[in-house]
Structure formats: C-alpha cells, structure tokens
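Beneath this line is the structure, given in structure tokens, with notes to follow.
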Amino acid sequence: MKTKVLLVVAAAVCAGQVGATMLSPVQFDGLNKLLNDSSAFIVAKMAPDQPPTQADRSIFEYGNLARVLLAGHRITGNPEWLKVGLDWCDGFVAAQLPVSTPGGGKGGYWDTGYREIFIADTGTAVATLALCSTLQPDTATVDKYNTAMEKYALFVTAGCLTPPTNPNVTGIVGPSGCPAADGEGWVITSGADKGAVGDGWYKRELNDGAYTISTATTGSCAFVEMDVLGLKPEAPSTAVLRKVATDAIDWLLDSRTPDGRIPYIIHPSDASSVVFQPITYSTESMITCSLHYPELKEKLATLKSTVAWLVANQNSDGSWGKWSNVSGTGDVGFSPSGDAQRSPRALSLLQWYVATYGADPKVEASIHSFVNFLLDDAKAKAFGVNQNSTGGVLVTGFVGLAIADLIQPWVTFGSFKA
5 MKTKVLLVVA
15 AAVCAGQVGA
25 TMLSPVQFDG
35 LNKLLNDSSA
45 FIVAKMAPDQ
55 PPTQADRSIF
65 EYGNLARVLL
75 AGHRITGNPE
85 WLKVGLDWCD
95 GFVAAQLPVS
105 TPGGGKGGYW
115 DTGYREIFIA
125 DTGTAVATLA
135 LCSTLQPDTA
145 TVDKYNTAME
155 KYALFVTAGC
165 LTPPTNPNVT
175 GIVGPSGCPA
185 ADGEGWVITS
195 GADKGAVGDG
205 WYKRELNDGA
215 YTISTATTGS
225 CAFVEMDVLG
235 LKPEAPSTAV
245 LRKVATDAID
255 WLLDSRTPDG
265 RIPYIIHPSD
275 ASSVVFQPIT
285 YSTESMITCS
295 LHYPELKEKL
305 ATLKSTVAWL
315 VANQNSDGSW
325 GKWSNVSGTG
335 DVGFSPSGDA
345 QRSPRALSLL
355 QWYVATYGAD
365 PKVEASIHSF
375 VNFLLDDAKA
385 KAFGVNQNST
395 GGVLVTGFVG
405 LAIADLIQPW
415 VTFGSFKA
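The numbering of the sequence shown is the numbering used here, which starts it at 5 and goes up by one.
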C-alpha cells in the first residue's frame, strides 16, 4: 500500500515556476484505472465496423476520443492506443475537402460529420491532429498532417471564393455566402468583437459574427498548437497565427460577465441554456496560451473570478451542470443543450489555476470533489462515462482529457513537453 502523497504538478506561465495539486494514492490509482477503462471503451467504439459510420461520426467527439488514446499512450506507452489514435488522424486528413480563397489560395475544411461546416467543432478535431503530428513517426505522414492544418488555417483566415456545396451549407447563392473578400475570413479584426471568430455556416446561413466556441477552439487553441509546431500556411504566417490566438484570448476574457462567467455568444442568438461549455472550451485555449505565451500571465490571472464562479456553482455531488438519471439506468438525462456533458474541462481550469498562481484551499477542495465524483462508479456511470447510452461518447471524451491532464499535466496538447 502506498503511503506517500503524489504531487501532480503543472507547468506555469513562467518557465521554471510550478504549482502542485495533491492527489491521494487512492485517487491517483483510481484515475489511472478510469483512464485505462475509458481507453478500452474508446478502442471498441472507434472500430470501423461500429456505428455510426465513419462519415457520420462527429469529428469533435471522435477527435476527443482519439486524443484521449494518444495522451494515454504518452502516459503508459500503450502501442494500441497510439495506433488507433493515429489511424483516426489519417482518416481525418483524408476527409479534408478543398476550397478556393478569394486570393486564389488553396484552403481546406471538413464536414463535421452531420453535413455541416462548423469552425468550432473543427478546432477541437484539429487540436487532436496537432497531437498526432508530434507522435507520428513517419515524416511523410507528418507532412500530410501539417499541410492539412495549414490549409485549414488559410480557410479560416481568408475565407472562401464561393460557399461550399459539399455539404450544402447555405441556401445563399454566389459570393455573398462567404465572408467579405477582405482577406480576414472568419476572424474579426476590428470593432467591439475584435479577436472573435465566426463559425462557418450556422442554420444554413453564413455565420461570420462572434462565436464563443469557435473563438476558443480554433481561434485560440488550434492556432496556438499550429504556431508552436512552426507551421507556415500559404497565408497567414506563423506570426499571424500567434496574433489571431492572442486576440482571441483577449476577446474571451473581455466577454466575461461581471461575476467571471464566460457567456455563450453566437449569432443569431441561441435560446438554449448553455452555461458550462463555454468555460470548458475556453479552458483549452487558456492553458495552451499560458504554456507558450508567457507575456499573457498577468492577463490570464484575471481568470481568478472565473475559477471562483466555478467553485461557487459546483453541484453538491462534485459535478457541474444540470443532469438527471442518478439511478444509472437508461439514457443519461442531460439538459437539451448538453451543457453538463461538456463541463469536465472545468477541472482542468481549476488545476491550471492552482498550478500557475498558487495554492487555494477552496479550489483544491473543488478539484477533489469532482475527482471523487468520477471515482464513484455509480455516479460516473449515471453521468455517462464509458456508457453506450445517449451522451456517453461525448462525456467519455471530455472526462478522459481532464483526467489524463491531471495524471500528467497537459499531456493532451500536441505542444506538450515532458
């Protein structure tokens, strides 16, 4: 029986500065077992003969599953997890579709898996591709991965000459179905929403207004990962990648409510109740920016209010968001927006904040509360972890990412350095 306490440490914003989150041996062993169980579940779900078909699989849900396996490989060395994760990236790159930009460039985009083109969903998948780029041993395949990311960056920052018809995303005919041909694409470079990123096409119409999730996943997280990899899209340059990423962080921080919450902003406005997922997606952008852009430390320290809001709004059982089916039978009963399903990265924000800015008993207690929730088999099953019920794939991916980063901080990011 282990008697020592394991210190899980995360790299802070400034080089050489670290913080620590304490896990008991029981918690540490439990999280490792949960990661192993989740990886077995994921390998089975990602088998080619399992429904849904490859073309109908959500690129962000299955991208997260692949990312969990790749992170798990980094932790354990498991070769099967590496193979399945890299196989997903191979298929993802092969599925990229071409698009011409107003300047004559050759961009690329993806069908998200449900006949839509969402920059938000794609950013999550591209974060997995960046991880694959660092783990793929074949240099020719790495070049294919990187080229696909460069084409996507060009699409986001330059736009399209005509709206895609595969899938048919818009009823608008002609160039008006694309962002204004000013070379900025979906990146907003002036006005009150400077730094925000649009979402491609939403409800079959051009969506070039500010969207919280696409700003976080593509505008910040994916662009940081591409910048760190040293990618050089036809346009923009890596310097522009960095500017897009840091401007996106500025917008995310400035968009917060007075109590620190990151609101769900989309145009046209969505009436659904979305509270926690903007924080989950933004967490990934905050972490990867903090690891690579040390000049943001003071600015990111303002997330103290967001952390306090999470602690104050945690459920008594340790989870976040509205959900039901505590009996653990049948489908998981989430709110219509699926908000609870996407909440687990709140754990990572708390972990990162303590590691970066120092110990805080309330924050650490909140971390332990969610860890203990996940280690309660009945509660985890009811929540959807490793379950074939509705929402199981989504929950398992987000939980897997959070616990992998708690076991070995920031191992889920392509730019991670041991």
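Backbone N, C-alpha and C define an ideal beta-carbon position, used for all residues, glycine too.
Cα-Cα separation between residue i and residue j, rounded to whole angstroms
| i | j | result |
| --- | --- | --- |
| Asn82 | Glu209 | 44 angstroms |
| Gly322 | Ala131 | 28 angstroms |
| Val146 | Lys155 | 14 angstroms |
| Ala312 | Leu304 | 14 angstroms |
| Thr306 | Arg349 | 18 angstroms |
| Lys204 | Tyr215 | It is worth fixing the name first, because residue 204 is Gly in this sequence and not Lys. Using only the alpha carbons, I get a separation of about 10 angstroms. |
| Val248 | Val30 | 42 angstroms |
| Trp142 | Pro237 | It should be noted that the sequence gives Asp, not Trp, for residue 142. Taking the straight line joining both Cα atoms gives about 21 angstroms. |
| Phe420 | Val358 | 19 angstroms |
| Phe374 | Ile407 | 10 angstroms |
| Ser218 | Cys182 | 17 angstroms |
| Leu379 | Ser289 | 27 angstroms |
| Asn36 | Trp255 | 36 angstroms |
| Thr261 | Ala196 | 15 angstroms |
| Gln412 | Asn317 | 26 angstroms |
| His77 | Ala44 | 12 angstroms |
| Ala369 | Asp41 | 25 angstroms |
| Thr138 | Leu86 | 12 angstroms |
| Asp335 | Phe32 | Only weak support exists for where Asp335 lies, its pLDDT of 45 falling under 50; the value from the coordinates is given anyway. Whole-angstrom Cα-Cα distance: 29 angstroms. |
| Phe159 | Leu353 | 30 angstroms |
| Asp381 | Val47 | 20 angstroms |
| Gly109 | Lys148 | 17 angstroms |
| Asp231 | Ser393 | 38 angstroms |
| Tyr423 | Asp364 | The chain is shown only over 5 to 422; residue 423 falls outside these bounds and no answer can be derived. |
| Leu107 | Thr287 | Note on residue identity: the sequence assigns Gly, not Leu, to residue 107. For Gly107 and Thr287, the distance between alpha carbons rounds to 34 angstroms. |
| Ile79 | Asn376 | 21 angstroms |
| Ala129 | Leu27 | 30 angstroms |
| Trp190 | Phe387 | 35 angstroms |
| Ala220 | Lys198 | 14 angstroms |
| Glu302 | Thr360 | 11 angstroms |
| Gln100 | Trp92 | 13 angstroms |
Burial state of residue i (16 or more Cβ within 10 Å)
| i | result |
| --- | --- |
| Glu84 | exposed |
| Thr400 | buried |
| Gly202 | buried |
| Glu65 | buried |
| Ala144 | exposed |
| Gly34 | buried |
| Leu410 | buried |
| Pro282 | buried |
| Ala200 | buried |
| Gly163 | buried |
| Gln54 | exposed |
| Ala75 | buried |
| Asp60 | exposed |
| Phe402 | buried |
| Asn344 | The sequence given here has Ala at residue 344, not Asn. It is buried - the Cβ of Ala344 has at least 16 other Cβ atoms within 10 Å. |
| Ala51 | exposed |
| Gln58 | exposed |
| Cys18 | Caution applies to Cys18, whose pLDDT of 31 falls short of 50 and renders its modelled position unreliable; the value that the coordinates give is listed next. When all chains shown are included, Cys18 counts as exposed. |
| Ser62 | buried |
Sub-9 angstroms separation of residue i and residue j beta-carbons
| i | j | result |
| --- | --- | --- |
| Val88 | Leu73 | yes |
| Val389 | Leu38 | yes |
| Asn68 | Gly396 | no |
| Leu135 | Gly418 | yes |
| Thr166 | Ser104 | yes |
| Ala226 | Gly117 | no |
| Pro168 | Ile121 | yes |
| Pro102 | Gly95 | no |
| Trp327 | Leu314 | no |
| Lys207 | Pro272 | yes |
| Phe280 | Ser224 | no |
Nearest-angstrom Cβ-Cβ length linking residue i and residue j, presumed shorter than 8 angstroms
| i | j | result |
| --- | --- | --- |
| Leu300 | Ile253 | 7 angstroms |
| Lys385 | Gln391 | 6 angstroms |
| Thr292 | Val228 | 5 angstroms |
| Asp212 | Pro171 | With 8 angstroms as the limit, Asp212 and Pro171 do not qualify as a contact, their Cβ atoms being about 18 angstroms apart. |
| Ala124 | Thr222 | 7 angstroms |
| Gly264 | Thr310 | 4 angstroms |
| Ala157 | Leu245 | 7 angstroms |
| Leu235 | Met153 | 6 angstroms |
| Ser294 | Trp356 | 7 angstroms |
| Tyr285 | Thr250 | Their Cβ separation, rounded to whole angstroms, is 17 angstroms, which puts Tyr285 and Thr250 out of contact at 8 angstroms. |
| Ile371 | Leu351 | 6 angstroms |
Short CB-CB distance (under 9 angstroms) between residue i and chain B
| i | result |
| --- | --- |
| Gln391 | You won't find chain B in this structure, because it holds only one protein chain. |
(message) At 3 residues or longer, what runs of the beta strand (DSSP E) sit wholly inside the region 61-107?
(response) 101-104
(request) Within the region 341-401, note down every full alpha helix (DSSP H) run reaching 4 residues or more, in order along the chain. (result) 349-361, 365-379 and 381-387
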